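J.: I'd like to ask you about the structure that follows.
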Amino acid sequence: MKARHLLLAISITAIWGVNFSVIKLGLTTVDPLILAGIRFTLCALPAIFFIPKPDVQWRYIIGYGLVFGIGLWGVVNLGIKSGLSAGIASLVLQFSAFFTILLGSWVFKETISRYQLAGMGIAFCGLLSIISIVDGTVTTAGLMLVLLGAVAWSAANVINKKARTTQVFAFLVWSSAFSPIPLFALDYAVNGSTGYSALVNQLDYRAVLSILFQVYPNTLFGYWVWNSLLKRYPVSTVAPLSLLVPVFGLLGSVMIFNEPLSFNKIVAVVLIVSGLGVGLYGQRLLSAVLRRADRRHSAAEASASLPHGRATKATRKFF
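Take 53 as the starting number for the sequence shown in my numbering and just add one per residue.
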């Protein structure tokens with residue numbers, strides 16, 4: 053990967069990580085479901101008038117919009133509002149990778165490998181480390197809600213896979229149009245007009261910046277760049293960089309909200325990111341290591357069969 057593309061990819065993971073803290077800033081004056089509703093309204097409008105509908109059945113567009121908008125980000129907003137810190141939320145949401153593996157094994161009859169099982173086990177130990185945190189940045193309600201959001205993200209991934217769309221940006225824009233009305237209606241059903249009154253009377257610059265950041269750099273620009281990189285480079289080159297998202301998420305929360313960085317949190321980050329690495333890329337990494345070892349062994353055997361002078365020259369050439 054070219055240096056400028058690598059820096060661009062890392063920048064996107066930083067944006068996605070810091071976005072959790074940006075969401076928390078917006079939640080200081082805007083209800084969680086309303087905040088998500090405004091976000092997806094601006095994701096759809098006015099872009100939907102300029103981007104043709106993707107060649108995908110309506111059920112996939114509508115289903116993805118409902119699950120991604122309400123089940124994922126509406127619920128994650130509720131989790132952060134319930135007391136879960138932005139940094140921990142960014143970390144816990146990564147469990148969607150394992151939920152996607154489990155759901156894929158059921159829907160698509162995909163086999164779960166031993167590496168994936170090992171990764172799940174390691175990440176689960178990280179979750180136990182999070183549960184043991186007692187500094188006020190973890191609540192049971194918040195943790196359960198974000199885990200539910202991770203399940204919803206896995207369902208959204210399955211819908212996206214079944215849709216088989218190559219028009220990723222158009223799919224995101226059109227599906228976003230089906231998120232706002234249910235989000236606004238749910239907030240009204242739960243809180244009445246309280247949230248809307250607060251929106252009019254308490255909306256401040258932090259909420260406005262939060263909304264704009266979530267819509268443009270985080271969602272539209274972020275996903276466009278990421279998918280462009282996936283088209284240019286192999287998935288195995290780009291995808292592992294997403295492991296940086298929870299790292300930036302925790303660092304963002306530490307810098308913006310002075311979240312205490314306890315030993316348990318560091319352990320949780322190491323275990324969950326390691327679990328993701330083993331579960332998603334363990335087999336690939338092991339195969340690469342074995343291939344490299346085989347090449348070294350073959351070169352050593354070849355050099356051993358040559359005269360000393362030629363062997364030395366051949367070995368230097370290989371390395």
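We put the beta carbon where it would ideally sit given N, CA and C, even for glycine.
Since the model is a prediction, treat every value here as computed from it, not as a measurement.
(1) Among the candidates ARG336, LEU323, ASP256, whose CA atom is the shortest distance from the CA of LEU79?
(2) Would you report the Cα separation of THR81 and VAL252, rounded to the nearest angstrom?
(3) Label MET172 either buried or exposed according to how many other C-beta atoms from any shown protein chain fall within 10 Å of its C-beta, with 16 as the threshold for buried.
(4) Just mark ASP346 as buried or exposed, buried being the case when its beta carbon has 16 or more other beta carbons within 10 Å.
(5) Just to confirm, is the Cβ distance from PRO292 to LEU342 under 9 Å?
(6) Leaving aside the five residues before and after TRP68 along the sequence, list all residues of the same chain whose C-beta is less than 7 Å from its C-beta, in chain order.
(7) Do LYS214 and VAL299 count as a contact pair if the criterion is CB distance below 9 Å?
(8) Is PHE236 helix, strand or coil by DSSP?
(9) Excluding the 5 residues preceding and the 5 following LEU177 in the sequence, name in chain order all residues of the same chain whose CB lies nearer than 6 Å to its CB.
(10) When you compare the region 240-250 with the region 59-75, are there three or more beta-carbon pairs, one atom per stretch, that lie closer than 8 Å?
(11) For ASP239, count neighbouring Cβ atoms within 10 angstroms of its own Cβ and tell me buried if that reaches 16, exposed if not.
(12) Taking the Cβ atom as the reference point for each residue, do GLY201 and GLY123 lie within a distance shorter than 9 Å?
(13) Quick check on the DSSP output: what are the complete alpha helix (DSSP H) runs of length 4 or more inside the region 173-197, in order along the chain?
(14) Go ahead and pull the three-state DSSP assignment for ILE103.
T.: In short, the structure shows the following:
(1) Taking the first residue of the sequence shown as 1, we reach residue 79 at position 27. If we check each option's Cα against that of LEU79, ASP256 comes out closest.
(2) Position 29 of the sequence shown holds residue 81. Position 200 of the sequence shown holds residue 252. Going by the C-alpha atoms only, they are around 10 Å apart.
(3) Indexing the sequence shown from 1 puts residue 172 at position 120. A buried status is given to MET172, since no fewer than 16 other beta-carbon atoms sit within 10 Å of its beta-carbon.
(4) Mapped onto the sequence shown, residue 346 falls at position 294. Answer is exposed; the Cβ neighbour count stays below 16.
(5) As a working note, residue 292 is residue 240 in the sequence shown. As a working note, residue 342 is residue 290 in the sequence shown. Taking C-beta atoms as the reference points, PRO292 and LEU342 fail to come closer than 9 Å.
(6) What you label residue 68 is simply residue 16 of the sequence shown in a count that begins at 1. Around TRP68: ASN270, GLY274, VAL297.
(7) For this step, residue 299 is matched to residue 247 along the sequence shown. For this step, residue 214 is matched to residue 162 along the sequence shown. No Cβ-Cβ contact shorter than 9 Å links VAL299 with LYS214.
(8) The residue given as residue 236 occupies position 184 in the sequence shown. In this structure, DSSP gives PHE236 a helical state, which the three-state scheme calls helix.
(9) To locate residue 177, count along the sequence shown from 1; it is residue 125. What sits at residue 177 in the sequence shown is Cys, not Leu. Leaving aside the five residues that flank CYS177 on each side, the residues in its chain whose CB is nearer than 6 Å to its CB run, in chain order, LEU323.
(10) In this structure the region 240-250 does not touch the region 59-75; the number of beta carbon pairs closer than 8 Å is below three.
(11) By 1-based counting over the sequence shown, the position of residue 239 is 187. Classification for ASP239: buried.
(12) Here residue 201 is taken as the residue at index 149 of the sequence shown, counted from 1. Here residue 123 is taken as the residue at index 71 of the sequence shown, counted from 1. The Cβ-Cβ distance between GLY201 and GLY123 falls below 9 Å.
(13) List check, alpha helix (DSSP H) in window: nothing returned.
(14) Within the sequence shown, numbered from 1, the residue matching residue 103 stands at position 51. Of the three classes helix, strand and coil, the one that applies to ILE103 here is coil, per DSSP.
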